[in-house]
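Accompanying notes for the structure given below.
There are 2 protein chains.
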Amino acid sequence: MARPTEHEVLAAVLQIREGSLQVLAWQRARPPDEGRWALPGGRLGDDEDVERSVRRQLAEKVDVREVTHVEQISVFSSPDRVPGVRQIATAFLGLVPSDSDPEVPSDTAWHPLSGLPLTAFDHAAIVEAAHDRLRAKLSYTNLGFALAPREFTISALRGLYVAALGHPVSATNLQRVLTRRRLLEPTGEVSPPGPAGGRPAALFRFTDRVLHVTDAFAVLRPPSEQLRGAVP
Amino acid sequence: MARPTEHEVLAAVLQIREGSLQVLAWQRARPPDEGRWALPGGRLGDDEDVERSVRRQLAEKVDVREVTHVEQISVFSSPDRVPGVRQIATAFLGLVPSDSDPEVPSDTAWHPLSGLPLTAFDHAAIVEAAHDRLRAKLSYTNLGFALAPREFTISALRGLYVAALGHPVSATNLQRVLTRRRLLEPTGEVSPPGPAGGRPAALFRFTDRVLHVTDAFAVLRPPSEQLRGAVP
DNA sequence: TCCCGTTTTCGACTATGAGTCGGAAACAGG
DNA sequence: CCTGTTTCCGACTCATAGTCGAAAACGGGA
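Chains as they are written, first to last, in the working numbering: chain A, 4 to 235; chain B, 4 to 235.
Below, the structure written as structure tokens:
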């Protein structure tokens, strides 16, 4: 006799706010874990897959159009992860660009990853896993597009990478690495200098706004094909 | 009224056999999809998480001790992926070293990834995803340990990488890349030459037999810390 | 108008590690 | 002892990341 099993989806929605990486959470008003902070999500519907479900449930917390990337992280399925019922969760990473400030319900707020309040169930581990995934993919994909505004200066982009990666990043190197992979391109426009003056910064955008891994990062790549000769 | 939902685990167990990458599958004897080939797996038990479950269920097909690596791939949750019931699957990649030949039940067999027979449900997509994951991780982790015997020659290892990656690999380069990352180390022993003679090949082993990503592969890494000065 | 501090930009240089190549080394067989 | 075979290993090239500093382009005030 199988214990009744429920399936839920949960999302760690991350955004860079005021220079630090923050996560969206809501405070539980009822037991179990009353008062603790939980990730948005809920039960999987009958006619949707997990990805559709998490997007639907996020729409109840923030405007979906502001979530620029959603990605499956892992299944959390420990038998006692939620007291009482057998509940299996598919966890997601969600990203919101730094220039949007979605309206959120009154029980919901952003929290910096460093210094999270008391979290419900195993949601802290989910946030951790989402952060790890973000750090990894920032460095070998174009995932930066999901954190950045449509147009930005290199130093603004540098700030985003520093906040997400947690270590210094050279602006010169960042620009060169991203442009030579054709991930970044200049818009031609410039942004006016700040209050202290300074040279106006050129504006850039990501060439592609869907995830796409750079194949050149891989080691042990296929042999160089030299140049494919023209037809004889 | 929620439709009753079941949760199952499925594994694409891969092994290099006779120079080609093959997957373990069993032939369904009953509808639905009777006669088609399915991946090993089954229903999640009440007191186990998905990882324990897939290892348990694999034990019914092959000796678990021969599975050197198990890794979660993704959740497959399309509402109509299995006719009749609402069934959600957590898919895994499993690896078996090339020198073991586990006994399998009579309904079970290995099939080359190129030229799979008719597969049940969405299992072909799972195999595809597992293959992609294997290719990716072979090039920036030490995952090769899970495909290789405990000790091997460089050219034998090269054969495994060629079969798994699907493109030529230089033996010289393979050895250098893996040894400089401290993933490979010589045992000191040599293997006797083949029937045609030739110089005896040195034997190697993987230094670590658990998965472990090389941090040096990442681009945009933290700034060099030069040399940490000695204590004053 | 002319300095000056600020910020960005861009080139040059260095360092690291991957891909390639060819010759030397070590075996079996005749 | 010679030949064919396989492995080993050093040297070279090449691609790309990390570093540094000077020049460019602004605002503000003397």
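Ideal Cβ placement from N, Cα and C applies to all residues, glycine included.
If you're wondering where the values come from, they're calculated on a predicted model, not measured in any experiment.
Q75/A reaches chain B at S77, V78, counting residues in chain order whose Cβ is nearer than 7 Å.
Rounded to whole angstroms, the Cβ separation of I157/A and A132/A is 30 Å, and the two are not in contact under 8 Å.
Under a criterion of Cβ atoms nearer than 8 Å, the residues of chain A adjacent to P82/B are, in order, D49, D50, E51, D52.
Legend: CB atoms of the region 172-190 of chain B lying less than 8 Å from CB atoms of chain A belong to residues V172, S173, N176, L177, V180. The region 43-80 of chain B contains, as complete alpha helix (DSSP H) runs of 4+ residues, the segments 53-62 (chain order).
For R6/B, the neighbours in chain A by C-beta distance under 7 Å run, in chain order, D49. For T182/B, the enclosing alpha helix (DSSP H) starts and ends at 174-183.
Excluding sequence positions up to five before and after R136/B, its CB lies within less than 8 Å of the CB of E74, I76, L96, all in the same chain and listed in chain order.
Against chain A, a Cβ distance below 7 Å from H10/B picks out T8, H10, I91.
The C-alpha of E188/B lies about 24 Å from the C-alpha of G22/B. For H134/B, there is no enclosing beta strand (DSSP E); the enclosing alpha helix (DSSP H) has its first and last residue at 126-143. For R183/A, the closest of V85/A, F209/A, P203/A, V193/A by C-alpha to C-alpha distance is F209/A. By the beta-carbon neighbour count (other beta carbons within 10 angstroms, threshold 16), P100/A is buried. The continuous beta strand (DSSP E) containing V193/B extends over residues 187-194.
With respect to the 8 Å criterion, D110/A and W29/A are classified as neighbours on the basis of their beta carbons.
When beta bridges are read from the DSSP output, S23/A appears opposite R20/A. Remark: C-beta atoms of G44/A and E11/A approach each other more closely than 8 Å. Under the three-state reduction of DSSP output, A204/A falls in the strand class. Comparing alpha-carbon positions, the option among F148/B, G200/B, G162/B lying closest to L24/B turns out to be G162/B.
Taking L119/B as reference, the option from L42/B, V216/B, P34/B, D211/B with the minimal CA-CA separation is L42/B. Proximity to H215/A across V85/A, A205/A, L146/A peaks at L146/A, based on C-alpha coordinates. Distances from the alpha-carbon of A166/B to those of V16/B, P115/B, E54/B put P115/B closest. In the DSSP annotation of this structure, the continuous segment of the beta strand (DSSP E) that includes G97/B starts and ends at 89-98. For the pair E9/A and Q60/A, the CB atoms are not nearer than the 8 Å cut-off. When secondary structure is reduced to three states using DSSP, G197/B falls in the strand class. A residue is called buried once 16 or more other Cβ atoms fall within 10 Å of its Cβ, and V26/B is buried on that count. The continuous alpha helix (DSSP H) containing A159/B extends over residues 157-168. Where P115/B is concerned, the enclosing beta strand (DSSP E) starts and stops at 111-115. The beta carbon of T93/A sits closer than 6 Å to those of V12, V53, V78, all from its chain and outside the five residues before and after it, given in chain order. Shown here, L13/B sits in a strand according to DSSP, grouped into three states. The beta-carbon distance between L168/B and L141/B, rounded to whole angstroms, is 6 Å. This is short enough to meet the 8 Å contact definition. Cβ neighbours of V67/A within its own chain (closer than 7 Å, five residues either side excluded): R58, L61.
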